[in-house]
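S.K.:
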Amino acid sequence: MTPPELVKQYEQVLSANPGVAHFFKIFPGVAHAWSVRYSHDDAAAVKSAGEALANMVDWFNENLK
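Counting from 1, position 21 in the sequence shown corresponds to residue 50 in my numbering; the numbering is continuous, with no gaps.
#1: What would DSSP say about M30, mapped onto helix, strand or coil?
#2: Compare the Cα-Cα distances from M30 to each of N46, E91, G58 and report the closest residue.
#3: Mapping DSSP to helix, strand and coil, what is Y39?
#4: By the three-class DSSP mapping on this structure, what secondary structure does S44 have?
#5: Tell me the residue span of the alpha helix (DSSP H) that contains V86.
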């Protein structure tokens, strides 16, 4: 897992180049990964996973066409 402080540094570096599309969002208290196993009984994890998937699909649709 990447610490939030390091994620903020990545964002600063990428933001310095307006030609590089990027998006960062930190979901506190949940596991991190592209495809992470989580308990379907954990409402916060389910909500975060759904939001993360929607963010990823939106980013791909906006930047990879």
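No residue lacks a Cβ here, since even glycine has one placed at the ideal position from N, Cα and C. Predicted model only: the values in this text are computed from it and were never measured.
M.R.: Considering the structure as presented:
#1: coil
#2: G58
#3: helix
#4: helix
#5: Residue range 72-92 is occupied by the alpha helix (DSSP H) that includes V86.
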